[in-house]
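Each remark here refers to the structure printed beneath this line.
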Amino acid sequence: AQSVTQPDIHITVSEGASLELRCNYSYGATPYLFWYVQSPGQGLQLLLKYFSGDTLVQGIKGFEAEFKRSQSSFNLRKPSVHWSDAAEYFCAVGRNTGGFKTIFGAGTRLFVKA
Amino acid sequence: NAGVTQTPKFQVLKTGQSMTLQCAQDMNHNSMYWYRQDPGMGLRLIYYSASEGTTDKGEVPNGYNVSRLNKREFSLRLESAAPSQTSVYFCAHGQVEGDTQYFGPGTRLTVL
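Protein chains in written order, with the working numbering: chain A, 276 to 389; chain U, 89 to 200.
Written as structure tokens, this is what we have:
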């Protein structure tokens, strides 16, 4: 069965420090991979997605993610975190084939300290 | 607002009451979804509609019904609310299943 694991429930980083959020998935083929962000009291917003091609993808707000097939991972990174990045981040797996439902990880809450 | 509106934003119900959550999208997308979000559990799919005229169950459909009224609108109904349905409900839409989804702002529902 398909699954998505975000091992870190919450992470705290200092403003200006680098960030890496982990995501591992289980799927028989290469899926579509997504990172979404949810600010408090808001819906989810797409940060970036990977379908094929270059395994390093750039997203909005200075985020990037790298697909590593051998590790079944799609980790999200940002070189320098801003206080406004404090939010919850969700990794998700999808596939554009009939009947495939997008699966979301449980989320990682990011706290940013001054 | 990602081209989607949800109403109401907040609702308090008593056990056994019914209500309908409304969702409308203006991006002419085929697929629409209802999720619930509970602390520590991420998003769980309740029902979805791959296209106008079709609906199907997701991971947690019990206690809910849906209607895909037309291509724009997808409603979620609680026939007899229970405290276990206290949650934040999100409507989402996308061009095709498995691809990018666009989320509404959510409805915070409390069942007493």
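Each residue gets a CB set at the ideal place from its N, CA and C atoms; glycine is no exception.
Coil, strand or helix - residue i by DSSP
i: A:Asp329; result: coil
i: A:Arg344; result: helix
i: A:Lys336; result: helix
i: A:Ser359; result: helix
i: U:Gln173; result: helix
i: A:Ser314; result: coil
i: A:Val387; result: strand
Straight-line gap, residue i to residue j (C-alpha atoms, nearest Å)
i: A:Gly382; j: A:Glu339; result: 17 Å
i: A:Lys343; j: A:Ile378; result: 19 Å
i: A:Gln281; j: A:Ala361; result: 17 Å
i: A:Tyr364; j: U:Thr103; result: 33 Å
i: A:Lys324; j: A:Ala389; result: 30 Å
i: U:Phe162; j: U:Thr142; result: 11 Å
i: A:Cys366; j: U:Gly186; result: 13 Å
i: A:Gly337; j: U:Ser137; result: 33 Å
i: A:Ser347; j: A:Asn299; result: 6 Å
i: A:Gly380; j: U:Val154; result: 24 Å
Neighbourhood of residue i by C-beta, 7 Å cutoff - its chain only, sequence neighbours within 5 removed
i: U:Asn158; result: Glu140
Burial state of residue i, where buried means 16 or more other Cβ atoms lie within 10 Å
i: U:Thr195; result: buried
i: U:Arg165; result: exposed
Close Cβ partners of residue i (< 8 Å) along its chain, the five nearest in sequence each way excluded
i: U:Leu133; result: Tyr121, Trp122, Tyr123, Gly146, Glu147 and Val148
Own chain partners of residue i with C-beta closer than 6 Å, once the 5 adjacent residues on each side are dropped
i: U:His117; result: His181, Gly182 and Gln183
* Could I get the ranges of all uninterrupted beta strand (DSSP E) runs contained in the segment 114-175 of chain U, with 3 residues as the minimum, in chain order? => Whole beta strand (DSSP E) segments, 3+ residues: 119-125, 131-137, 152-156 and 162-166.
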